[in-house]
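So in the UniProt record's numbering, the last spot in the sequence shown is 233, and the numbers never skip.
For reference, the structure is listed below as structure tokens.
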Amino acid sequence: MTKHQKRLSVPKSWPVERKTETFTVKAGAGPHGEDGVPLVVLLRDVLGYVDSKKEARYALSEDAILVNGEPINDEQRPIGMFDIVAFPGREEYYRVFPDEGGRLALTEIDEDAAGSRLGKIEGKQQVPGGQTQLTLHDGTNVIVDDEAEYNSDDSIVVDNEDKSIVAHFPFEEGALVTAVRGNHGGKIGEIDAIDITPGSGPNTIGVDTEDGGFETIQEYVVVIDENFTGDDE
């Protein structure tokens, strides 16, 4: 298996220039699947805090960088949508949020907002003991007692320290959403229509925005709260 990643073939969500050099860092195993951006890419190419993998390793060895509240020691650890990247020594905190075209960007937030993260529910199943396990968009799991309260495509806010659910945003008409993929990636608006497609085709979502609105498929939108857009923090 190759240890390199060609820039021209990286996912569209990666915030890297594709034609400046041939290769970039390959993401390691971890959350977000192939869409995850290696942490060193954010440190080097986006923030400019390091010039090399060696410098990134040194910073990580000092526990200077937290992801979702936990110190990270792997510079290739995948970082993805709605992750919280914190630099306590610098008093800097960022949320990974989709920008125009669905490209991942860092939105600066305050320390209080960095204590929790948003997750889209992509599945749920019963586990021993009568509880329910929710699977989030990044592959992590959360255990809950009330199965009926949560549904696929809802969003929840998870406390980074004790993993408890501190907020729940149902997927429904009137919900505030952001498009994370497709031609409308990065746009934010309210759901004004959910059109159920018969058979196996994807459902179509109508989103009302300040500049008119757009349609996309259900898979491409995530329910958010206005506090998670970064505008008010």
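Beta carbons: idealized from backbone N, C-alpha and C, even for Gly.
Here the structure is a predicted model, which is why all the values come from computation and not from measurement.
Three-state secondary structure (DSSP) of Glu215
Correct three-state label for Glu215: strand.
Considering only C-alpha positions, which residue in the set Val180, Ala175 and Gly182 is nearest to Asp225?
The shortest C-alpha to C-alpha distance from Asp225 to any of Val180, Ala175 and Gly182 is the one to Ala175.
Inter-residue spacing [alpha-carbon to alpha-carbon] between Glu195 and Gln131:
According to the sequence shown, residue 195 is Asp rather than Glu. In this structure, the alpha-carbon of Asp195 lies about 32 angstroms from that of Gln131.
Cα-Cα separation between Leu60 and Glu108, rounded to whole angstroms:
Taking the straight line from one Cα to the other gives about 20 angstroms.
Could you tell me if Val50 is buried or exposed, where buried requires 16 or more neighbouring beta carbons within 10 angstroms of its beta carbon?
It counts as buried.
With DSSP as the reference, please indicate the residues paired to Tyr93 in a beta bridge.
According to DSSP, Tyr93 bridges with Ala86 and Ile109.
What residues are listed by DSSP as bridge partners for Thr178?
Partner residues in the beta bridge of Thr178, as assigned by DSSP, are Ile188 and Val222.
Give me, in chain order, the residues of the same chain whose beta-carbon lies closer than 6 angstroms to that of Glu21; leave out the 5 immediate sequence neighbours on both sides.
Confidence in Glu21 is poor, its pLDDT being 49 and thus under 50, which makes the residue's placement unreliable; the coordinate value appears in the next sentence. So the list is empty, once near-sequence residues are dropped.
Confirm, please, whether the CB-CB distance from Gly115 to Asp138 is below 8 angstroms.
Cβ atoms of Asp138 and Gly115: not closer than 8 angstroms.
Using DSSP with H/G/I as helix, E/B as strand and the rest coil, what is Val50?
Looking at Val50 - three-state DSSP - the assignment turns out to be coil, as it is neither helix nor strand.
Taking Gly102 as the reference, give the member of Met81, Glu91, Tyr93 and Glu172 with the closest Cα.
The candidate whose alpha carbon is nearest that of Gly102 is Met81.
May I ask which residues mark the beginning and end of the beta strand (DSSP E) holding Thr209?
First-last for Thr209: undefined, no H or E at that position.
Whole angstroms is fine: what's the gap from Pro170's alpha carbon to Ser52's?
Their Cα atoms are separated by approximately 42 angstroms.
Test item: CB-CB of Gly198 and Gln218 under 8 angstroms
Per the sequence presented here, residue 198 reads as Pro, with Gly not at that position. Not a contact, by the Cβ cut-off of 8 angstroms.
Using the DSSP secondary-structure output, state which residues sit across from Leu66 in a beta bridge.
Leu66 is bridged by DSSP to Pro71 and Ala86.
Classify Glu122 as helix, strand or coil using the three-state DSSP reduction.
Glu122 falls in the strand class under three-state DSSP.
Whole-angstrom C-beta distance between Val207 and Gly189, which should lie under 8 angstroms:
Rounded, the Cβ-Cβ distance is 4 angstroms, consistent with contact.
Can you tell me where the beta strand (DSSP E) holding His168 begins and where it ends?
In the DSSP assignment, His168 falls within the beta strand (DSSP E) that extends over Ile165 to Phe169.
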